[in-house]
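> Please read through the structure below; I'll follow up with questions.
Protein chains: 2
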Amino acid sequence: MPRARVNANFDSPNVDVMVDMGHPLLNRVVDGFLKVGGVGAVHALAQETYGVVRREEATKRSLELMAQRTGKEAVQWGLVAGVYSGMTYAMQEARGTHDWKNALLGGALTGAALSLTESNPRSDRIITGAITGGAIATAAEFLRNIT
Amino acid sequence: MPRARVNANFDSPNVDVMVDMGHPLLNRVVDGFLKVGGVGAVHALAQETYGVVRREEATKRSLELMAQRTGKEAVQWGLVAGVYSGMTYAMQEARGTHDWKNALLGGALTGAALSLTESNPRSDRIITGAITGGAIATAAEFLRNIT
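Just so you know, the protein sequences line up as chains A and B, in that order. Numbering of the first sequence is given in the UniProt record's numbering, commencing with residue 1 and proceeding in unit increments. Numbering of the second sequence is given in the UniProt record's numbering, commencing with residue 1 and proceeding in unit increments.
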């Protein structure tokens with residue numbers, strides 16, 4: 001049963017939103033989508049705000065573009081996180097372990113999925129997106145084991 | 001004292017190269033540089049090989065470009081990993097904890113360092129690079145806590 005719980009902790013800027021969908025796989029997908037989608041929205045806002053500060057003018061058009069980019073990046077970053085955390089969780093359950101091979105395959109599928117969200121998806125872009133996604137996820141997995 | 005140790009495990013395609021520089025911070029930087037630099041090299045090779053397969057021809061020029069890109073990406077990816085793992089390790093030691101704030105600051109510094117490697121670094125690119133680096137590192141830290 002979908003339930004929503006909001007943990008707001010004002011000691012530190014740390015807001016934990018948790019939606020319980022009743023299945024661990026779904027929970028991870030939704031959790032990744034919400035959290036990383038929020039990071040994507042903040043990223044777009046920060047980039048566009050810096051653009052306004054640098055140009056020293058805020059027009060109606062630049063504010064419209066800011067809102068547009070914020071929504072688009074929130075969905076794209078959230079999609080990446082949802083697909084990646086869902087895929088790696090499913091592979092972890094199936095293989096019984098989590099290693100860089102899970103990260104490689106999850107990243108490749110995530111990269112392919114992200115390239116499908118572009119306005120004009122071509123088959124070669126999907127493959128290059130899959131290669132890059134797999135490489136980035138493997139690199140992140142190696143870094144995670146170092147730090 | 002710098003020492004090198006090579007662990008090759010042929011049960012699975014897993015090669016662990018460890019160079020002991022005598023200090024944990026330096027070890028992390030070198031470890032990240034070597035491992036993630038290798039991932040960057042494999043990524044460039046895979047992308048260029050796919051390009052050759054797609055165009056159905058391998059010229060002398062395309063092989064030269066492949067070698068060039070492999071070296072460049074190995075250094076860039078290695079630099080990112082080295083700076084990021086060094087920064088997050090130093091902050092973890094200083095603050096006594098590892099959380100998304102370390103990831104945010106480490107990612108921002110890494111993004112700024114990466115934008116300095118471009119052929120024509122401009123101050124606004126360094127700042128947008130820092131914003132994007134911080135956002136990506138924060139998103140990866142959130143994903144790490146989910147999976």
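C-beta atoms are modelled at their ideal positions from N, C-alpha and C, and glycine is treated no differently.
Using 8 angstroms as the threshold, is the segment 32 to 47 of chain B in touch with the segment 79 to 93 of chain B, meaning 3 or more CB pairs across them?
Short answer: they touch.
> In the DSSP assignment, find the alpha helix (DSSP H) that holds Ala46 of chain A and state where it starts and stops.
For the purposes of this step, residue 46 of chain A is identified with residue 46 of the first sequence, where counting begins at 1. Segment 24 to 55, the alpha helix (DSSP H) holding Ala46 of chain A.
> Give the range of the alpha helix (DSSP H) segment to which Met87 of chain B is assigned.
Numbered from 1 along the second sequence, position 87 holds the residue referred to as residue 87 of chain B. 60 to 95 is the span of the alpha helix (DSSP H), which, as asked, contains Met87 of chain B.
> Find the residues of chain A that neighbour His23 of chain B, judging by a C-beta separation of less than 7 angstroms, and give them in chain order.
Taking the first residue of the second sequence as 1, we reach residue 23 of chain B at position 23. Residues of chain A with a Cβ closer than 7 angstroms to the Cβ of His23 of chain B do not exist, since the nearest Cβ in that chain sits about 14 angstroms away.
> Going by C-alpha to C-alpha distance, which of B:Ala108, B:Gly71, B:Arg69 sits closest to Met87 of chain B?
Indexing the second sequence from 1 puts residue 87 of chain B at position 87. The residue with the shortest Cα to Cα distance from Met87 of chain B is B:Ala108.
> Can you tell me whether His43 of chain A is buried or exposed, with buried defined as 16 or more other CB within 10 angstroms of its CB?
On the first sequence, position 43 is the one that residue 43 of chain A refers to. Buried, because 16 or more other Cβ atoms sit within 10 Å of the Cβ of His43 of chain A.
> Contact defined as beta carbons within less than 8 angstroms: I believe Gly133 of chain B pairs with Thr97 of chain B. What is the distance between those atoms, to the nearest angstrom?
In the second sequence, residue 133 of chain B corresponds to position 133, counting from 1. In the second sequence, residue 97 of chain B corresponds to position 97, counting from 1. Wrong, their Cβ atoms sit about 21 angstroms apart, outside the cutoff.
> Assuming Asn120 of chain B is part of the alpha helix (DSSP H), what are its boundary residues?
The residue given as residue 120 of chain B occupies position 120 in the second sequence. The continuous stretches of alpha helix (DSSP H) do not include Asn120 of chain B, and DSSP gives it neither H nor E.
> Hey, Gly129 of chain B and Ala140 of chain B are a contact pair by Cβ (cut 8 angstroms); roughly how many whole angstroms apart?
Mapped onto the second sequence, residue 129 of chain B falls at position 129. Mapped onto the second sequence, residue 140 of chain B falls at position 140. Not really, about 16 angstroms apart at Cβ, beyond 8 angstroms.
> Rounded to whole angstroms, how far is the Cβ of Leu25 of chain B from the Cβ of Tyr89 of chain B, which I believe are closer than 8 angstroms?
Locating residue 25 of chain B in the second sequence gives position 25, where the first residue counts as 1. Locating residue 89 of chain B in the second sequence gives position 89, where the first residue counts as 1. Confirmed, about 6 angstroms.
> Please name the residues in the segment 28 to 49 of chain B whose beta-carbon is closer than 8 angstroms to at least one beta-carbon of chain A, in chain order.
Arg28, Asp31, Gly32, Lys35, Val36, Val39, Gly40, Val42, His43, Ala46, Gln47
> Please look up how many angstroms separate the CB atoms of Val29 of chain B and Ser115 of chain B, rounded, as I've assumed it's under 8 angstroms.
Numbered from 1 along the second sequence, position 29 holds the residue referred to as residue 29 of chain B. Numbered from 1 along the second sequence, position 115 holds the residue referred to as residue 115 of chain B. Not confirmed; about 19 angstroms, so no contact.
> Is the beta carbon of Ala44 of chain B within less than 6 angstroms of some heavy atom of the ligand HEM?
The ligand HEM is not part of the structure shown, which contains no ligands of any sort.
> Along the segment 134 to 147 of chain B, what residues have a CB closer than 9 angstroms to any CB found in chain A?
Gly134, Ala135, Ile136, Thr138, Ala139, Ala140, Phe142, Leu143, Arg144, Asn145, Ile146, Thr147
> In chain order, what residues of the same chain have a beta carbon less than 8 angstroms from the beta carbon of Trp100 of chain B, not counting five sequence neighbours either side?
The residue labelled residue 100 of chain B in the question sits at position 100 within the second sequence. Only Thr138, Glu141, Phe142 meet the Cβ criterion.
> Buried or exposed: Ala67 of chain B, going by 16 or more other Cβ atoms within 10 Å of its Cβ?
Translated into the one-based positions of the second sequence, residue 67 of chain B becomes position 67. Exposed, since its Cβ has fewer than 16 Cβ neighbours within 10 Å.
> Applying a beta-carbon distance threshold of less than 9 angstroms, which residues of chain B neighbour Ala81 of chain A?
Stepping through the first sequence from its first residue, residue 81 of chain A is reached at position 81. Correct list: Ala139, Phe142, Leu143, Ile146.
> Skipping 5 residues on each side, what residues in its chain have a beta carbon closer than 7 angstroms to that of Met1 of chain A?
For the purposes of this step, residue 1 of chain A is taken as residue 1 along the first sequence, with counting starting at 1. For Met1 of chain A, the predicted structure reports a pLDDT of 49, less than 50, and the residue's modelled location is therefore unreliable. A value from the coordinates is still provided. Sequence-distant partners of Met1 of chain A (beyond 5 residues in either direction) whose C-beta falls short of 7 angstroms from its own C-beta, in its chain, are Gly22.
> How big is the Cα-Cα spacing for Asn102 of chain B and Ser62 of chain A?
By one-based count along the second sequence, residue 102 of chain B stands at place 102. By one-based count along the first sequence, residue 62 of chain A stands at place 62. C-alpha separation (whole angstroms): 32 angstroms.
> Would you please verify whether the beta carbon of Ile126 of chain A is less than 7 angstroms from any beta carbon of chain B?
For the purposes of this step, residue 126 of chain A is taken as residue 126 along the first sequence, with counting starting at 1. Output row for Ile126 of chain A: interface = no.
> Measure from the C-beta of Arg54 of chain A to each C-beta in chain B and report whether the shortest distance is under 7 angstroms.
The residue you call residue 54 of chain A lines up with position 54 of the first sequence. Cβ-Cβ to chain B under 7 angstroms: yes for Arg54 of chain A.
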